[in-house]
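Trainee:
Protein chains: 2
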Amino acid sequence: MTAPVFDLDAFLPYRVAMVSRRLSRIFEERYRDRFGISVAEWRVVAHLAQSGAVSVREIVARTDMEKSRVSRAAARLEAAGYVAKCTHSGDRRLVELTLTARGRAMMTELAPIAEAFNAEIGTCLGADADAFRRALDRLFASA
Amino acid sequence: MTAPVFDLDAFLPYRVAMVSRRLSRIFEERYRDRFGISVAEWRVVAHLAQSGAVSVREIVARTDMEKSRVSRAAARLEAAGYVAKCTHSGDRRLVELTLTARGRAMMTELAPIAEAFNAEIGTCLGADADAFRRALDRLFASA
DNA sequence: CGGCAATCATTGCGATTGCAACGGCCGCGT
DNA sequence: ACGCGGCCGTTGCAATCGCAATGATTGCCG
């Protein structure tokens, strides 16, 4: 029985997962205490701030999250008063998600925090930042 | 009420999370059907193949996974016959995890699959592969 | 030598997730 | 006009996760 040799540190999916987890965790610490939202909810809010009124399906297509995850995140955000849900006029299957005034206020506070964190990452990467972004784009496109 | 503007696509934690999720998903498809293990269990097995007999705590420190996640993954692996658990002689608090013959056989089959997948990613990245690896190392070190 | 804080692994519990099934709604074809 | 297949969002259910508490064991320090 040969002893299988495998270098886990060189395995890129593992490395990416570790970094992803840490980045999300660090960023989450900067807004969870203040607003009490989770990562899934942050993504929905950020997407709404970017795109205005959109349906659940659009967020699903755009963020690669499960339908149910988006649906429940939207429900929690609605319960917390950050998001309003109303049925689309014309196609009553669709749900139009919109930021409430409270949601926009949160985003006004959150956007600079996110930008700052993003900038931190950029400076941390230094000269490799552009290559890193390119690599992410390529992996996302081909995966 | 100003409309908050934020470009989610430029937000690196988000991009990394998307790519991480996709890579893990794709790789998982290549072994889940054959061996019925999950990502957490794969990580434990890969680490055992690399490090021999180790305790739960070492895997936790090394992989940045929660104690309970590693513990349960080890329990599932033991139930499936891939891993053996025995108390460390000398310090009976520690649990020594070891690959069984069946576990080593699985790893013998899995290692080439992982290597191939890793190589695919490398070729996909092309000239940016080295910078990508450097960037991951730097983010991991500073996070 | 004895107690006591610390370490290690497990487990209970609440929350979240993914998958699949479902109910409501649309639009196409007839 | 009317089914009927398909799309959209929600929900039931099982599994997993994270966190905190617990049980078991060790090593330190008085």
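Chains as they are written, first to last, in this note's numbering: chain A, 66 to 208; chain B, 66 to 208. Where is the CB? At the ideal position from N, CA and C, for every residue including glycine. All of these numbers come straight from a predicted model, not from anything done at the bench.
(1) What are the start and end residues of the alpha helix (DSSP H) that includes residue 196(B)?
(2) Taking 8 Å as the CB-CB cut-off, is residue 133(B) touching chain A?
(3) Which runs of the alpha helix (DSSP H), 4 residues or longer, sit entirely within the segment 143 to 196 of chain A?
(4) Should residue 186(B) be flagged as near chain A, meaning a C-beta pair shorter than 8 Å?
(5) Cβ of residue 82(B) less than 8 Å from any chain A Cβ?
(6) Please list the partners that residue 120(B) has in chain A, where partner means a Cβ-to-Cβ separation under 7 Å.
(7) By the criterion of Cβ-Cβ separation under 7 Å, what are the contact partners of residue 91(A) in chain B?
(8) With a floor of 4 residues, list each alpha helix (DSSP H) that falls wholly inside the segment 85 to 152 of chain A, ordered by position along the chain.
(9) If the cut-off is 9 Å on Cβ atoms, which residues from the segment 136 to 159 of chain A count as contacting chain B, listed in chain order?
(10) Do the segment 68 to 84 of chain B and the segment 171 to 179 of chain A make contact, defined as three or more Cβ pairs closer than 8 Å?
(11) Using a Cβ-Cβ cutoff of less than 6 Å, which residues in the same chain neighbour residue 114(A) once the five nearest sequence positions on both sides are dropped?
(12) Do you know how far the Cα of residue 159(B) is from the Cα of residue 140(B)?
(13) If you draw a straight line from the alpha carbon of residue 134(B) to that of residue 105(B), how long is it in whole angstroms?
(14) Under a CB-based cut-off of 8 Å, is residue 96(A) close to chain B?
(15) For residue 196(B) and residue 191(A), I'd like the C-alpha separation in whole angstroms.
(16) Just the Cα atoms here: how many angstroms apart are residue 204(A) and residue 178(B)?
(17) Taking 6 Å as the limit between beta carbons, can you name the residues of its chain near residue 163(A), skipping five residues before and five after?
(18) In chain order, what residues of the same chain lie with their CB nearer than 6 Å to the CB of residue 125(B), ignoring the 5 residues before and after it?
Mentor: So, from the listed chains and residues:
(1) Counting from one through the second sequence, the residue named residue 196(B) turns up at place 131. Start and end: 194 to 207.
(2) Reading the second sequence from its first residue, position 68 is the one you call residue 133(B). Among the residues facing chain A, residue 133(B) is not included, as its CB has no counterpart in that chain under 8 Å away.
(3) Taking only runs of at least 4 residues, the alpha helix (DSSP H) segments lying wholly in the segment 143 to 196 of chain A are 166 to 190.
(4) Taking the first residue of the second sequence as 1, we reach residue 186(B) at position 121. Yes, its Cβ sits closer than 8 Å to a Cβ of chain A.
(5) Start at 1 with the first residue of the second sequence, and residue 82(B) comes out as number 17. Yes, its Cβ sits closer than 8 Å to a Cβ of chain A.
(6) Here the question's residue 120(B) lines up with position 55 in the second sequence. Under the 7 Å cutoff, chain A gives no residues; its nearest Cβ is about 17 Å from residue 120(B).
(7) As a working mapping, residue 91(A) is identified with position 26 in the first sequence. The contact set of residue 91(A) on chain B, defined by CB atoms closer than 7 Å, consists of 208 in chain order.
(8) 104 to 116, 121 to 128 and 132 to 144, all fully within the segment 85 to 152 of chain A.
(9) Contact residues of the segment 136 to 159 of chain A toward chain B are absent (C-beta to C-beta distance below 9 Å).
(10) Touching, yes.
(11) As a position in the first sequence, residue 114(A) is number 49, starting the count at 1. Annotation for residue 114(A): 172 place their beta carbon closer than 6 Å to its own, counting only its chain and skipping 5 residues before and after.
(12) For this step, residue 140(B) is matched to residue 75 along the second sequence. For this step, residue 159(B) is matched to residue 94 along the second sequence. Between residue 140(B) and residue 159(B), the C-alpha separation is close to 15 Å.
(13) Walking along the second sequence from the start, residue 134(B) turns up at place 69. Walking along the second sequence from the start, residue 105(B) turns up at place 40. In this model, residue 134(B) and residue 105(B) are separated by some 7 Å (Cα to Cα).
(14) Translated into positions along the first sequence, residue 96(A) becomes position 31. So no, residue 96(A) is outside the interface.
(15) As a working mapping, residue 196(B) is identified with position 131 in the second sequence. As a working mapping, residue 191(A) is identified with position 126 in the first sequence. In this structure, the straight-line span from the alpha carbon of residue 196(B) to that of residue 191(A) is close to 11 Å.
(16) Taking the first residue of the first sequence as position 1, residue 204(A) is located at position 139. Taking the first residue of the second sequence as position 1, residue 178(B) is located at position 113. Approximately 18 Å, taken between the alpha carbons.
(17) Within the first sequence, the letter at position 98 stands for residue 163(A). Cβ within range, chain order: 118 and 149.
(18) Along the second sequence, one-based indexing puts residue 125(B) at 60. Closer than 6 Å at Cβ, skipping near neighbours: 132 and 135.
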